[in-house]
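When you read off a place in the sequence shown, starting at 1, and then add 20, the result is the number in our numbering. For each residue, glycine too, the CB sits at the ideal point set by N, CA and C. Keep in mind it's a predicted model, so treat the numbers as computed, not measured. First the structure, in the form of structure tokens, and then the observations on it.
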Amino acid sequence: MILDIHYRNTAIGEKLLETLGQIKARESTPPLFICIGSDRHIIDCFGPLIGTMVREENPRILLYGHLEAPLHAKNISREIEIINFRHPENFIIAIDASVGSIEDIGNIKVRQGPIIPGKALAKKLPPVGDYAITGVLGSNQERNIMIGSNQGSLAAVYPMAQIIAGAICGLYQQGRD
């Protein structure tokens, strides 16, 4: 795990921006962000909400998955093939909602390695990304209730999405292009 911090921690914006900057510095190509999720469920809209926030702030950032064109279980396999064909050199940072222990709810996690979309619901989808950013929005015990339905709270989804979108946009400000 590269970073694991609660979204209410006052240092999260700075730490997340620093972490993304370190990842970007390690790689020889610009990052491509893939924001995974659906616009039809509160918890699952986490990725597309971040994608929309980033696009509104800086449309030049290379990003797929937003509220108007989400990457979800029904289209992600096909879309990932297209994205990899169009951008074979870019390293991918995948972003998605996740479930975890009750103690982890509200944490934003960054790690090296792919996201397995749909894992919480036992869906068989391809791994996505060289790095992963996840927001823990539910517990393992309630995963089928929260992710499979429209339950969950936008009160946690929205500020966590703002923090991640802000850090991504921060990478491209003040000469960080």
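For residue i, three-class secondary structure by DSSP
i	result
Asp-150	coil
Leu-69	helix
Asn-95	coil
Ala-89	strand
Tyr-84	strand
Leu-37	helix
Ile-135	strand
Ala-181	helix
Beta bridge counterpart(s) of residue i as assigned by DSSP
i	result
Ala-114	Ile-54, Ala-152
Tyr-27	For Tyr-27, which the question treats as bridged, DSSP gives no partner whatsoever.
Leu-129	The residue asked about is misnamed: residue 129 is Lys in this sequence, not Leu. In DSSP, Lys-129 forms a bridge with Asp-24, Thr-154.
Val-74	In DSSP, Val-74 forms no bridge with anything.
Contact under 7 Å by Cβ, residue i with residue j
i	j	result
Ile-112	Gly-71	no
Ile-54	Tyr-84	yes
Ile-62	Leu-174	yes
Ser-159	Ile-122	yes
Asn-104	Thr-49	no
Beta carbon proximity, residue i to chain B, threshold 7 Å
i	result
Leu-23	In the structure shown, chain B cannot be found, because there is only a single protein chain.
Exercise for the section: Report yes or no: do three or more beta-carbon pairs, one from the stretch 121–139 and one from the stretch 72–88, lie closer than 8 Å? Expected result: With the cut-off at 8 Å, the stretch 121–139 and the stretch 72–88 do not touch.
Problem - Three-pair Cβ contact test at 8 Å for the stretch 86–96 versus the stretch 21–34 - result: Judged by pairs of C-beta atoms under 8 Å, the stretch 86–96 does not touch the stretch 21–34, as fewer than three such pairs exist.
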